[in-house]
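Here the protein sequences line up with chains Z and U, keeping their order.
Quick note: the first sequence uses this note's numbering, first residue 1, plus one each step.
Quick note: the second sequence uses this note's numbering, first residue 378, plus one each step.
The beta carbon of each residue, even a glycine, is placed where N, CA and C say it ideally should be.
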Amino acid sequence: MVCVLLFAAAAGAESIKVGFNIPLTGDIPKVGEESKFAAEMLKEDINAAGGLEIGGKKYPLEFIYEDNESKAESAVSAALKLIERDDVLAIVGPNSSKQAVPAGQVCDDNQTPMISPWSTNPDTTKDRPWVFRAAFLDPFQGPVAVDFAMEQFGAKKAAVLYALDNDYSKGLAEIFRDDFNAKNGAGAVVGFESYSSKDQDFSAQLTTILAAKPDFIFLPNNYNEVALIIKQAHDLGWKNPFMGADAWGNSELMALCGDDCKGQYFSTHYAAAGATGETKVFIDRYKEKYGYEPADVAALTWDATNLVLKAIQNTGGLSGKVRADRKAVRDAMAAIPEFPGITGNMKFDAEGDPIKCAVVVKINEQGEFVFTKSVCP
Amino acid sequence: MLASIIQNLFNAFQWGSFYSLIALGYTLVYGVLRLINFAHGDIFMVGAYIAFFIATAILGMAASLPGWMVLAMVIPLTMILTAVVGVSLERIAYRPLRRKGAHRLYVVITALMCGLVLENGNLALLGASRKSFPELVDKVVYTVGDLSMTNLKIGVVFSAILVFIFLHFIVTKTKIGMAMRAISYDKFAVPLMGIPIDTVIVFTFILGSSFAGLAGLLFALSYPILDPYMGAMIGWKAFIAAVVGGIGDIRGAFLGGFLLGFVEILVVAVFPSTYRDLIAFAILMTILCIKPTGMFGVAGTTKI
Numbered sequence: 001m002v003c004v005l006l007f008a009a010a011a012g013a014e015s016i017k018v019g020f021n022i023p024l025t026g027d028i029p030k031v032g033e034e035s036k037f038a039a040e041m042l043k044e045d046i047n048a049a050g051g052l053e054i055g056g057k058k059y060p061l062e063f064i065y066e067d068n069e070s071k072a073e074s075a076v077s078a079a080l081k082l083i084e085r086d087d088v089l090a091i092v093g094p095n096s097s098k099q100a101v102p103a104g105q106v107c108d109d110n111q112t113p114m115i116s117p118w119s120t121n122p123d124t125t126k127d128r129p130w131v132f133r134a135a136f137l138d139p140f141q142g143p144v145a146v147d148f149a150m151e152q153f154g155a156k157k158a159a160v161l162y163a164l165d166n167d168y169s170k171g172l173a174e175i176f177r178d179d180f181n182a183k184n185g186a187g188a189v190v191g192f193e194s195y196s197s198k199d200q201d202f203s204a205q206l207t208t209i210l211a212a213k214p215d216f217i218f219l220p221n222n223y224n225e226v227a228l229i230i231k232q233a234h235d236l237g238w239k240n241p242f243m244g245a246d247a248w249g250n251s252e253l254m255a256l257c258g259d260d261c262k263g264q265y266f267s268t269h270y271a272a273a274g275a276t277g278e279t280k281v282f283i284d285r286y287k288e289k290y291g292y293e294p295a296d297v298a299a300l301t302w303d304a305t306n307l308v309l310k311a312i313q314n315t316g317g318l319s320g321k322v323r324a325d326r327k328a329v330r331d332a333m334a335a336i337p338e339f340p341g342i343t344g345n346m347k348f349d350a351e352g353d354p355i356k357c358a359v360v361v362k363i364n365e366q367g368e369f370v371f372t373k374s375v376c377p
Numbered sequence: 378m379l380a381s382i383i384q385n386l387f388n389a390f391q392w393g394s395f396y397s398l399i400a401l402g403y404t405l406v407y408g409v410l411r412l413i414n415f416a417h418g419d420i421f422m423v424g425a426y427i428a429f430f431i432a433t434a435i436l437g438m439a440a441s442l443p444g445w446m447v448l449a450m451v452i453p454l455t456m457i458l459t460a461v462v463g464v465s466l467e468r469i470a471y472r473p474l475r476r477k478g479a480h481r482l483y484v485v486i487t488a489l490m491c492g493l494v495l496e497n498g499n500l501a502l503l504g505a506s507r508k509s510f511p512e513l514v515d516k517v518v519y520t521v522g523d524l525s526m527t528n529l530k531i532g533v534v535f536s537a538i539l540v541f542i543f544l545h546f547i548v549t550k551t552k553i554g555m556a557m558r559a560i561s562y563d564k565f566a567v568p569l570m571g572i573p574i575d576t577v578i579v580f581t582f583i584l585g586s587s588f589a590g591l592a593g594l595l596f597a598l599s600y601p602i603l604d605p606y607m608g609a610m611i612g613w614k615a616f617i618a619a620v621v622g623g624i625g626d627i628r629g630a631f632l633g634g635f636l637l638g639f640v641e642i643l644v645v646a647v648f649p650s651t652y653r654d655l656i657a658f659a660i661l662m663t664i665l666c667i668k669p670t671g672m673f674g675v676a677g678t679t680k681i
């Protein structure tokens, strides 16, 4: 660290500031922690090598982490703080769509490039030329879940329980419902129940769902709620499977959910168990450094941050004027045709959304997320 | 259809038990001190965390112990330690204000702040990560037809009823209960009769907080994910339940808690869950409009 500082001072170079708008407290603190750890790892790598080389000159990296408390309104103020107070060149995050949709508007209005590692709701990037993402979209993930459930469980009837005040959960639930009904006939989704984020008791909703006798329950929810819902469903006598989405993929899920989650499936961005190549290198390093296996959000933050850094390099040189440099970075980001990330290859469409594959993983008896199937667009 | 109605009644009994247990604490303190102890929901949260640490410590030292034996040790320890927290709050925050003769309004504001201090203190000390409560009770699911019930749910409902009977007995049949009612009636005349007012107030806080601790433990067993803000919303709602029942009256708190549990569960069962709080609280407001002192309240007189 000291030698990095000395080097920076000796070179007289200004640092490259990148902001992180992530949930370090609130409902999903583990998501913020993993994002931060992945970014720290990347920063140490690059600073140890003397900094990021742009147009023949090396700049040290400076990452600023702003806590958005897993709240939409705090994500907006965190974005403003990073843009106005810290003069960052670009923002990575927010992760959850609930925060990424409003924060995306702020970044777009203030002409600051933003990339969300984990948000899958289409509204995050829609009609926002300054906003990008590293994750696939819910209109892709929803049908993946529908097809998998029909194939794996032979499902004809489904039920959905979702969080009404969470853009991610609500959006994905609606996409799932429409697609399942389209493939199995109207009325195939026999239960479509909601709750709000602070709820702890889901017994009334689950009773309604169970009375409709679906073949499985789709839960597009955050990991902390998933653990409660599955336990309560089992208490009510539910024995059929659940199917989840990428917000399940967190190292804390098994700690909170335990045996109840074993044997369930969810769609996600990558499977840590059985990974190869660059992905395996990343997972092993992360595990050694921080003591647990990184979830998809850590890998996606790694990819998203790398994309930003690549775009900064592609500008060919910075002017030192924040507004002009932000514009250059945005243009360079939009111009990246294809990017080989550790969560798969990404091609970007006109909206700034990557076209990439999804995987379905199974939670095995040891509580590991095991690769089951890969689905590409 | 009938099966899901009955199932929802079971669900409502369990959910209402937590409101009842917490509402009892509000009502006791209000009955004696005329103070709405807004920190009570957070004492419930502290109780859940204390139960978590005791349970993991015991399991860490003697992993082979059966769950019921651990539970038998966790229950009294949690209640004692939560009572210590409640009494400390009374000592640190409320008693100095009472000695200075501060207006009730300032004590209520102090209580609100104490709650925030507990929440954020927890966040600062333990971090934002959720805690998962260990499964002490081997959960058994009893299924009859389409109905399901766990041994845990039955235990929770019975605990709430037992606590109610116990508190009702203390307040109406014992000497210290009589002193509590006397203070509620006239706290300036009572010391003249040789009743140690501070002791009675501390006893009230011990009762209220220890049962909040029990509620925290039972809640953690039923919903085994703990976070620093878990007590805020449920505390507010239990307060409303106590008001609807007629705050200051033990029967009122008990029935008010169950009433709120029933209304919430039944609203979700019939309407989209979006309307839960809207309809539930509209119903409660209607009750208060018809009878502003709550179900068991009597206007103007003092009660506990």
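- Under a criterion of Cβ atoms nearer than 7 Å, the residues of chain Z adjacent to P649/U are, in order, S194.
- For G154/Z, the three-state secondary structure derived from DSSP is coil.
- Look at T207/Z: its C-beta is under 7 Å from a C-beta on chain U.
- In this chain, T520/U is not harboured by any alpha helix (DSSP H); it is covered by the beta strand (DSSP E) spanning V518 to V521.
- Taking the CA atoms as reference points, I611/U sits about 41 Å from T372/Z.
- Under the 8 Å Cβ criterion, the segment 522-531 of chain U counts as touching the segment 379-387 of chain U, having at least three qualifying pairs.
- Distance from I578/U to V567/U at the Cβ level is roughly 11 Å; contact not present, criterion being Cβ atoms closer than 8 Å.
- In the DSSP assignment, F430/U falls within the alpha helix (DSSP H) that extends over H417 to M438.
- Close to D331/Z, with beta-carbon spacing below 7 Å, lies no residue of chain U; the smallest spacing is near 37 Å.
- With a cutoff of 7 Å on beta-carbon distance, L448/U and L513/U are scored as near each other.
- With the rule of 3 Cβ pairs closer than 8 Å, the segment 602-618 of chain U counts as touching the segment 629-637 of chain U.
- Annotation: Cβ neighbours of S525/U in chain Z (cutoff 7 Å, chain order): D235, L236 and G237.
- Chain Z places a beta carbon closer than 7 Å to that of N385/U, counting this residue as a contact.
- Within the same chain, and ignoring the five residues on either side of N499/U in sequence, the residues whose Cβ sits closer than 6 Å to its Cβ are P605.
- In this model, A188/Z and F266/Z are separated by some 20 Å (Cα to Cα).
- S116/Z has its alpha-carbon roughly 40 Å from the corresponding atom of G638/U.
- Straight-line spacing of the CA atoms in K17/Z and V322/Z works out to 10 Å.
- Look at the segment 106-139 of chain Z: it has no residue with a C-beta under 7 Å from a C-beta of chain U.
- Residue burial annotation: W445/U is exposed, with fewer than 16 other C-beta atoms found within 10 angstroms of its C-beta.
- When rounded, the separation of the alpha-carbon atoms in T670/U and R481/U is 19 Å.
- Between the alpha carbons of A488/U and L412/U lies a distance of about 9 Å.
- In the DSSP assignment, the residues bridged to G344/Z are G341/Z.
- Apart from sequence neighbours up to five positions away, the residues of its chain that approach W392/U with a beta-carbon distance below 8 Å are G638, E641 and I642, ordered along the chain.
- Of all residues in the segment 278-301 of chain Z, none comes within less than 9 Å of chain U when Cβ atoms are compared.
- The CB of K310/Z never comes closer than 7 Å to any CB in chain U; the least such distance is about 32 Å.
- Beyond the five residues adjoining it in sequence on each side, Y483/U comes within less than 7 Å, by CB distance, of L474 in the same chain, given in chain order.
- Residues N528 of the same chain have their beta carbon placed closer than 6 Å to that of V517/U, with the five preceding and five following residues left out of the count.
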